Amino acid sequence: MRKEDNSLERLKGINPFTVPDGYMEGFTERIMSQLPEKPAEGREPVTLMDRIRPWLYMAAMFAGLGLFFKAIVGSDGLGGDASDSLLVRTELPAASMEAIQSEEDEEYLEYIETQYAQYLLDEEYPYSE
5 MRKEDNSLER LKGINPFTVP DGYMEGFTER IMSQLPEKPA EGREPVTLMD
55 RIRPWLYMAA MFAGLGLFFK AIVGSDGLGG DASDSLLVRT ELPAASMEAI
105 QSEEDEEYLE YIETQYAQYL LDEEYPYSE
């Protein structure tokens with residue numbers, strides 16, 4: 005018994021695919037006859053609205069972005085409260101503002117007094133190491 009050679013070298017140069025005789029003759033006509041007829045389409049005239057529509061869409065987009073940023077940033081442009089645009093009152097009454105300021109003033113004065121006293125004590129009794 006002889007062992008058959010299974011290498012690809014023996015198949016090199018041979019085309020395993022074949023086309024039946026006369027298949028390519030009239031191929032284009034056969035394909036075209038099987039396609040449905042394409043109705044002739046007339047060009048529709050471009051109206052003024054068709055020309056303006058993209059510009060209207062872009063203007064609406066910029067108007068929407070402007071309103072969006074105005075609501076987020078606020079009307080003062082400094083990143084203020086968004087609640088101002090919602091008509092919510094955020095101001096404190098004048099009496100409470102005076103109380104807050106007087107408490108802050110007292111706290112600041114105590115801090116300054118402590119710092120000054122510490123400075124004077126450091127001059128009188130210098131640390132010696």
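Straight run, no breaks: the sequence shown in this note's numbering ends on number 133. We put the CB at the ideal spot given by N, CA and C, even for glycine. Everything numeric in this text was worked out from a predicted model, so none of it was measured.
Quiz item: What first and last residue would you give for the alpha helix (DSSP H) that runs through R34?
Solution: Stepping through the sequence shown from its first residue, residue 34 is reached at position 30. Where R34 is concerned, the enclosing alpha helix (DSSP H) starts and stops at F31 to Q38.
Practice problem: Consult DSSP for A86 and reduce its assignment to one of helix, strand or coil. | Solution: Here residue 86 refers to the residue found at position 82 of the sequence shown. In this predicted model, A86 has a pLDDT of only 49, less than 50, meaning its place in the structure is not dependable enough to derive any value.
Practice problem: Look at the alpha carbon of E111 and the alpha carbon of L69, and state the distance between them as a whole number of angstroms. | Solution: Residue 111 sits at position 107 when you count from the first residue of the sequence shown. Residue 69 sits at position 65 when you count from the first residue of the sequence shown. Distance from the CA of E111 to the CA of L69, rounded to the nearest whole angstrom, comes to 46 Å.
Quiz item: Does DSSP classify A44 as helix, strand or coil?
Solution: Taking the first residue of the sequence shown as position 1, residue 44 is located at position 40. In this structure, A44 counts as coil in the three-state DSSP scheme.
Quiz item: What three-state label does DSSP hand I116 in the structure shown?
Solution: As a first step, residue 116 is located in the sequence shown; it is residue number 112 there, counting from the start. Helix.
Exercise. Check Y27 in the structure and name its three-state DSSP category.
Key: As a first step, residue 27 is located in the sequence shown; it is residue number 23 there, counting from the start. Here Y27 sits in coil by DSSP.
Quiz prompt | Cα-Cα separation between F72 and F66, rounded to whole angstroms | solution = Here residue 72 corresponds to residue number 68 of the sequence shown, with the count starting at 1. Here residue 66 corresponds to residue number 62 of the sequence shown, with the count starting at 1. If you take the alpha carbons of F72 and F66, they lie about 10 Å apart.
Quiz prompt | Span separating the alpha-carbon of K74 from that of Y123 | solution = As a first step, residue 74 is located in the sequence shown; it is residue number 70 there, counting from the start. As a first step, residue 123 is located in the sequence shown; it is residue number 119 there, counting from the start. Answer to the nearest angstrom: the Cα atoms are 51 Å apart.
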